[in-house]
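Numbering (the working numbering), first residue to last: 74 to 384.
All residues carry an ideal CB built from backbone N, CA and C; glycine is no exception.
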Ligand code: UDP
Ligand code: MG
């Protein structure tokens, strides 16, 4: 088969309500671009009949490719599998829930022709149902931007287009805890963005639970910043310094002023709890980093396939 000009990677988790519309709109965009293409659906072990729908499309349409996971590996890994297996000279990544308008792929592709290797879609506004999620996203992106050593663009998800050279480099990055938008920023090249208004999810339930989002946020922070570790060290120094002053004070008042009045319960409680808290927090921070080292060292495959029609 000859190389398609563009591959579209679509991670799928319980999206049967959105797949028909998505497919229709993607087809229309591809028609408009009039270039050779493949649509790579990565089924992250959906619990609904998403994979049946995709396979149906695949029998009628040879541009439709599917990768079917043996279990739920998560969105980042689904995209990673798509990146590893797709063939396109350009590769676009898009969510299946129509929050990212497929029509924008046209603009992303045209912008790329101006000489960029990466064009990402930046959210001018977002219409998520939950305000809490909105605030959480906003704060997370800003914290990450502050503490990471590289410039990760604010308010951007994985909706973007990449040139083949970028995809090849991404495929060489073996880390288990993927934070693709960070990795792409780390790679460099000529990157730019276009802005869009992010819609609300068209139908179905979000596949990203708060737990999954929290894990992604931790992966992002631990992969791109040592700041939390440094904070633990700094806290250690501050506490050490304060304790030193208090030790001197206690010794001086005991040795020179023979002050043996019992200081009481509150001061002891405060210092014990404060120290205990700081210690546990620091151990937790170190633990987060160590557990990630451990999964990387194990070198398990990132995903397991049940079925695919790609080679
Ligand atoms: N998704 C996935 N695996 C998961 C969760 C989500 O492949 O475990 C897919 C989902 O089908 C969608 C995309 O990832 O295409 C983004 O998910 P979602 O819309 O739930 O995320 P949000 O918009 O809340 O960031
Ligand atoms: Mg969504």
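Practice task
Note down the Cα distance separating residue 384 from residue 158, rounded to an integer number of angstroms.
Solution key: Mapped onto the chain shown, residue 384 falls at position 311. Mapped onto the chain shown, residue 158 falls at position 85. Distance between the alpha carbons of residue 384 and residue 158: 8 Å.
Exercise for the section: Select from 191, 144, 77, 330 the residue whose C-alpha is nearest the C-alpha of residue 137. Expected result: Indexing the chain shown from 1 puts residue 137 at position 64. For the residues 191, 144, 77, 330, the minimum Cα distance to residue 137 belongs to 77.
Practice task
Would you be able to state if there are at least three C-beta pairs under 8 Å between the region 104 to 119 and the region 158 to 175?
Solution key: With the cut-off at 8 Å, the region 158 to 175 and the region 104 to 119 touch.
Exercise for the section: Mind checking which residues open and close the alpha helix (DSSP H) that includes residue 299? Expected result: As a working note, residue 299 is residue 226 in the chain shown. From DSSP, residue 299 is part of no alpha helix (DSSP H); its letter is neither H nor E.
Handout entry: Interface flag, residue 288 vs chain B, CB-CB below 9 Å
Key = Checking the listed chains, one finds no chain B in this structure; it contains a single protein chain.
Practice task
Give a single yes or no on whether residue 293 has its beta carbon closer than 8 Å to a heavy atom of ligand 1.
Solution key: For the purposes of this step, residue 293 is taken as residue 220 along the chain shown, with counting starting at 1. No, the Cβ of residue 293 stays beyond 8 Å of every heavy atom of ligand 1.
Problem - Runs of beta strand (DSSP E) lying entirely within the region 172 to 243, each at least 3 residues, in chain order - result: If you keep only unbroken beta strand (DSSP E) runs of at least 3 residues inside the region 172 to 243, you get 191 to 199, 229 to 236.
Problem - Residues passing the C-beta test against ligand 2 heavy atoms, cut-off 6 Å - result: The filter returns 168, 170, 172, 274, 279, in chain order.
Exercise for the section: For residue 198, collect the residues of the same chain with a Cβ closer than 6 Å to its Cβ; drop the 5 residues on either side in sequence, then sort them by chain order. Expected result: Position 125 of the chain shown holds residue 198. So the list reads 270, once near-sequence residues are dropped.
Exercise for the section: Taking only heavy atoms of ligand 1 into account, decide whether any of them is closer than 8 Å to the Cβ of residue 115. Expected result: Working through the chain shown from its first residue, we reach residue 115 at position 42. Yes, ligand 1 has a heavy atom inside 8 Å of this Cβ.
Handout entry: CB of residue 169 within 9 Å of CB of residue 92, strictly
Key = Within the chain shown, numbered from 1, the residue matching residue 169 stands at position 96. Within the chain shown, numbered from 1, the residue matching residue 92 stands at position 19. Cβ atoms of residue 169 and residue 92: closer than 9 Å.
Problem - Inter-residue Cα distance where the pair is residue 387 and residue 228 - result: No information on residue 387 is available, as it lies outside the stretch 74 to 384 that the chain covers here.
Exercise for the section: Have a look at residue 273 and residue 316 and give me their C-alpha separation to the nearest angstrom. Expected result: Working through the chain shown from its first residue, we reach residue 273 at position 200. Working through the chain shown from its first residue, we reach residue 316 at position 243. Distance between residue 273 and residue 316, taken at the CA atoms: about 52 Å.
Exercise for the section: Identify which residue in 188, 287, 265, 181 has its Cα closest to the Cα of residue 392. Expected result: Summary: the structure shown does not reach residue 392, with the chain confined to residues 74 through 384, and so no result is reported for it.
Exercise for the section: Quick one: using the 10 Å Cβ neighbour count with 16 as the cut-off for buried, is residue 320 buried or exposed? Expected result: Residue numbering aside, residue 320 sits at position 247 when the chain shown is read from its first letter. Residue environment for residue 320: exposed (fewer than 16 other C-beta atoms within 10 angstroms of its C-beta).
Problem - Burial state of residue 152, where buried means 16 or more other Cβ atoms lie within 10 Å - result: For the purposes of this step, residue 152 is identified with residue 79 of the chain shown, where counting begins at 1. Looking at its Cβ environment, which holds 16 or more other Cβ atoms inside 10 Å, residue 152 is buried.
Problem - DSSP three-state assignment for residue 370, whether helix, strand or coil - result: Working through the chain shown from its first residue, we reach residue 370 at position 297. Helix.
Problem - Residue(s) in a DSSP beta bridge with residue 292 - result: By one-based count along the chain shown, residue 292 stands at place 219. Beta bridge pairing from DSSP links residue 292 with no other residue.
Problem - residue 225 vs residue 254 beta-carbon contact at 9 Å - result: Here residue 225 refers to the residue found at position 152 of the chain shown. Here residue 254 refers to the residue found at position 181 of the chain shown. Cβ distance < 9 Å, so residue 225 and residue 254 count as in contact.
Handout entry: Closer than 8 Å: residue 266 CB and nearest ligand 1 heavy atom
Key = The residue given as residue 266 occupies position 193 in the chain shown. No, since every heavy atom of ligand 1 falls outside the 8 Å radius drawn around the Cβ of residue 266.
Handout entry: Sufficient close CB pairs (3 or more, under 8 Å) joining the region 96 to 111 to the region 186 to 200
Key = Result no; under three Cβ-Cβ pairs closer than 8 Å.
Practice task
Ignore the nearest five residues each way along the sequence and tell me which others in residue 308's own chain have a CB closer than 6 Å to its CB.
Solution key: The residue you call residue 308 lines up with position 235 of the chain shown. These residues qualify, in order along the chain: 351.
Problem - Within the region 113 to 182, ranges of the beta strand (DSSP E) (whole runs, at least 3 residues) - result: Correct list: 137 to 142, 163 to 166.
Exercise for the section: Taking all protein chains shown into account, decide if residue 176 is buried (16 or more other Cβ within 10 angstroms of its Cβ) or exposed. Expected result: Here residue 176 is taken as the residue at index 103 of the chain shown, counted from 1. Residue 176 should be labelled exposed.
Exercise for the section: Using a threshold of 9 Å, state whether the C-beta atoms of residue 296 and residue 331 are closer than that. Expected result: What you label residue 296 is simply residue 223 of the chain shown in a count that begins at 1. What you label residue 331 is simply residue 258 of the chain shown in a count that begins at 1. Residue 296 is not a Cβ neighbour of residue 331, given a cutoff of 9 Å.
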